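Number of protein chains: 2
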Amino acid sequence: MATTSRTPAPPDRNATAEAFLDAAERLLVEDGYAGVTTRRLAAEADANQGLVHYYFGSIDGLLAQVVERFTDRLVERQREMYGSDVPFIEKWRTAWRFQREDLEAGYSKVWMELQALSWNRPNLKPTVERVNAEWRDVLRQAFERAAKEYGLAPEQFPVEALVALMMTFGQGYAIERLEGIDSGHAALLDWVDGWLEDLESRRKR
Amino acid sequence: MATTSRTPAPPDRNATAEAFLDAAERLLVEDGYAGVTTRRLAAEADANQGLVHYYFGSIDGLLAQVVERFTDRLVERQREMYGSDVPFIEKWRTAWRFQREDLEAGYSKVWMELQALSWNRPNLKPTVERVNAEWRDVLRQAFERAAKEYGLAPEQFPVEALVALMMTFGQGYAIERLEGIDSGHAALLDWVDGWLEDLESRRKR
DNA sequence: CCTCCCGTTAGTCATCTGCCTAAGGCGATA
DNA sequence: TATCGCCTTAGGCAGATGACTAACGGGAGG
Numbered sequence: 045m046a047t048t049s050r051t052p053a054p055p056d057r058n059a060t061a062e063a064f065l066d067a068a069e070r071l072l073v074e075d076g077y078a079g080v081t082t083r084r085l086a087a088e089a090d091a092n093q094g095l096v097h098y099y100f101g102s103i104d105g106l107l108a109q110v111v112e113r114f115t116d117r118l119v120e121r122q123r124e125m126y127g128s129d130v131p132f133i134e135k136w137r138t139a140w141r142f143q144r145e146d147l148e149a150g151y152s153k154v155w156m157e158l159q160a161l162s163w164n165r166p167n168l169k170p171t172v173e174r175v176n177a178e179w180r181d182v183l184r185q186a187f188e189r190a191a192k193e194y195g196l197a198p199e200q201f202p203v204e205a206l207v208a209l210m211m212t213f214g215q216g217y218a219i220e221r222l223e224g225i226d227s228g229h230a231a232l233l234d235w236v237d238g239w240l241e242d243l244e245s246r247r248k249r
Numbered sequence: 045m046a047t048t049s050r051t052p053a054p055p056d057r058n059a060t061a062e063a064f065l066d067a068a069e070r071l072l073v074e075d076g077y078a079g080v081t082t083r084r085l086a087a088e089a090d091a092n093q094g095l096v097h098y099y100f101g102s103i104d105g106l107l108a109q110v111v112e113r114f115t116d117r118l119v120e121r122q123r124e125m126y127g128s129d130v131p132f133i134e135k136w137r138t139a140w141r142f143q144r145e146d147l148e149a150g151y152s153k154v155w156m157e158l159q160a161l162s163w164n165r166p167n168l169k170p171t172v173e174r175v176n177a178e179w180r181d182v183l184r185q186a187f188e189r190a191a192k193e194y195g196l197a198p199e200q201f202p203v204e205a206l207v208a209l210m211m212t213f214g215q216g217y218a219i220e221r222l223e224g225i226d227s228g229h230a231a232l233l234d235w236v237d238g239w240l241e242d243l244e245s246r247r248k249r
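Chains as they are written, first to last, in our numbering: chain A, 45 to 249; chain B, 45 to 249.
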């Protein structure tokens, strides 16, 4: 009972606890959330399985912290990138460089697994919703700034709709790539890039 | 329930096997793929758990058949709908009616769970890829037809890119809705609908 | 009528699962 | 040196899981 009261704050800089969270991410990449068990976690983190209970109370508690840590990092990077003071086209390209890097590094897999997990764990849903809202907000601000930058009227550039399009497209893109599918992706991104380039050159004139 | 087919028809050797596949889909909706176990399947199908081995060899074998049956139905409906001889705008609206119905009926959940499963089951990947390719093909044909219908040049209507956009957007939309998110969806769909309506009225003139 | 055989049943098996705990160690402090 | 409290360990528990099988029953065909 007393040993389980570890839930609130993240164990400050505890190397072992961090090792468990890292191990969980690795297992998510390699085997999906169904492969995250106490014993496999312990093996992967090179620690004792009893520590899952000691640090996180339960597997679910551990996964909840994985979600928190992962999404915090994700949103922070996103916010910093889109908030920077460079032309929109540059942000756009950086965003897609991130996407590709994340796919290669397995981060996209982690994030998709965590989302899939949240479909069946109501306690994780609020965090996923929060991340979506924050991400959307960052995007909305960037798009509004871009609209000004390029002098686009709301009619030809309905920000709310385009943010929704961008959000859903990003998710769908990650899924398809995870499934080994990339048909048309290059064509689509090139098309958008050309469109942005056009706007950018017009802006400079 | 044990006395299922009271009909004078033959025992229909598939009835029990079908019941297992149905049960699996229900479990996917309610608890995700991690909740599909032999015992829960048996309870849900009101049958004996030994039959999983008898009919499908293993849980994986059963899930593989769930994927096959489900995707066959999905693609068949999609093909029929987009192949019909009505204005594109009507197909578009029907497609989104399907989306909403599927979300409500849980079919979207089933499909997303099966995809999430495929991320970690290499044997299921080919089927998912095949479905994606077939779906994309249906869409491509419909879009090409729409381009002719509305007299759009390839430059302002790059089919390959738009098919990719449509595919990924569809996936992302389903995910967000599954996670209880729908910000901007209506605005986006209304925007597209207005655009199509414009094209449609111009076509009639 | 009898026989055969498919579908079904109950039950077993080894293994794995999450959760929990008593006991030990180890470093910092007094 | 002795004490204290945080980490860590090995181990155990009850329950669940996937795979499998011997045995049965009832309908179809002889």
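All C-beta atoms in this analysis are idealised placements derived from N, C-alpha and C, irrespective of residue type, glycine included. From a predicted model like this one, the values you see are computed outputs, not experimental measurements.
Rounded distance between the beta-carbons of residue j and residue i, thought under 8 Å
i, j, result
"GLU178/A", "VAL119/A", "5 Å"
"ALA205/A", "LEU232/B", "4 Å"
"ALA67/A", "ALA89/A", "4 Å"
"GLY216/B", "THR115/A", "The pair is not a contact, with the Cβ atoms about 17 Å apart (cut-off 8 Å)."
"ALA220/B", "ASN176/A", "It should be noted that the sequence gives Glu, not Ala, for residue 220/B. About 7 Å; that satisfies the 8 Å criterion."
Residue-level contact to chain B via CB, residue i, 7 Å cutoff
i, result
"VAL172/A", "yes"
"ILE133/A", "no"
"GLN215/A", "yes"
"GLY105/A", "no"
"GLU178/A", "no"
"GLU69/A", "no"
"ALA197/A", "no"
"ALA108/A", "no"
"LEU232/A", "yes"
"ALA46/A", "Reliability fails at ALA46/A, whose pLDDT of 32 lies under 50, so the model's placement of it is uncertain and no value is given."
"ASN58/A", "no"
"ASP116/A", "no"
"ASP90/A", "no"
"ASP75/A", "yes"
"ALA160/A", "yes"
Alpha carbon of residue i to alpha carbon of residue j, nearest angstrom
i, j, result
"ASN92/A", "ALA86/A", "5 Å"
"SER49/A", "ARG174/A", "With a pLDDT of 30 at SER49/A, under the threshold of 50, the predicted position of this residue should be treated as unreliable, though the coordinate-derived value follows. Between SER49/A and ARG174/A, the C-alpha separation is close to 25 Å."
"TRP140/A", "ALA61/B", "46 Å"
"ASP146/A", "TRP155/B", "24 Å"
"GLN143/A", "VAL96/A", "32 Å"
"GLY127/A", "ALA190/A", "12 Å"
"PHE64/A", "ILE133/A", "39 Å"
"ASP121/A", "TYR99/B", "It should be noted that the sequence gives Arg, not Asp, for residue 121/A. Cα-Cα distance, rounded: 50 Å."
"GLU199/A", "ARG247/A", "19 Å"
"LEU71/A", "TYR151/A", "12 Å"
"LEU183/B", "ARG184/A", "29 Å"
"VAL80/B", "GLU188/A", "46 Å"
"LEU94/A", "GLU69/A", "Before going further, note that residue 94/A is Gly rather than Leu in the sequence given. Whole-angstrom Cα-Cα distance: 19 Å."
"LEU161/A", "GLY228/B", "24 Å"
"LEU196/A", "ARG117/A", "32 Å"
"ASP104/A", "LYS153/B", "22 Å"
"LYS192/B", "VAL130/A", "40 Å"
"TRP163/A", "LEU106/B", "22 Å"
Beta carbon proximity, residue i to chain A, threshold 7 Å
i, result
"ASP237/B", "no"
"THR51/B", "The predicted model places THR51/B with a pLDDT of 25, which falls under 50 and marks its position as unreliable; any figure quoted below should be read in that light. No, its Cβ sits nowhere closer than 7 Å to a Cβ of chain A."
"GLN93/B", "no"
"THR81/B", "no"
"ALA208/B", "yes"
"TRP163/B", "yes"
"PRO202/B", "yes"
"LEU222/B", "yes"
"THR138/B", "no"
"HIS229/B", "yes"
"PRO54/B", "Note that PRO54/B scores a pLDDT of 32, beneath 50, so its modelled location is shaky and nothing firm can be said."
Reference residue i; option with closest CA among the options
i, options, result
"ASP75/B", "ALA78/A, ASP237/A and GLU74/A", "ALA78/A"
"THR251/B", "GLU124/A, ILE225/A and ARG180/A", "The structure shown does not extend to residue 251/B, since chain B spans only 45 to 249, so no value can be given for it."
"GLU244/B", "TRP136/B, ARG84/B, GLU157/B and LEU65/B", "TRP136/B"
"SER102/B", "ARG83/B, TRP163/B and ASP116/B", "ARG83/B"
"ASP237/B", "GLN185/B, ASN164/B, THR138/B and ALA208/B", "THR138/B"
"TRP239/B", "ALA59/A, PHE201/A, GLU241/A and TRP239/A", "PHE201/A"
"TYR194/B", "GLU241/B, GLY94/B and ALA230/B", "GLU241/B"
"ALA223/B", "GLY228/A, TRP235/A, ASP181/A and ARG165/A", "Per the sequence shown, the amino acid found at residue 223/B is Glu instead of Ala. Nearest C-alpha to GLU223/B: ARG165/A."
"TYR168/B", "VAL73/B, ALA149/B, TRP235/B and ARG113/B", "Rather than Tyr, the amino acid found at residue 168/B in this sequence is Leu. Comparing Cα positions, the closest option is ARG113/B."
"VAL207/A", "TRP235/B, GLY105/B and ASN58/B", "TRP235/B"
"ALA186/A", "ALA160/A, GLY214/A, ALA59/A and GLU124/A", "GLU124/A"
"ALA33/A", "ALA197/A, ALA160/A, ARG117/A and VAL73/A", "In the structure as shown, chain A begins at 45 and stops at 249. Residue 33/A is therefore absent and cannot be evaluated."
"ARG180/A", "LYS153/A, MET210/A and ALA197/A", "MET210/A"
"ALA230/B", "ALA230/A, GLY214/A and VAL203/A", "VAL203/A"
Residue i CB to nearest heavy atom of the ligand GDP below 6 Å
i, result
"TYR194/B", "With respect to small molecules bound, the structure shown includes none, and the ligand GDP cannot be examined in it."
With a floor of 4 residues, list each alpha helix (DSSP H) that falls wholly inside the region 46 to 129 of chain B, ordered by position along the chain.
-> 58 to 75, 82 to 89, 94 to 100 and 103 to 127
Entirely enclosed alpha helix (DSSP H) segments - the region 145 to 215 of chain B, minimum 4 residues = The qualifying runs are 151 to 162 and 169 to 193.
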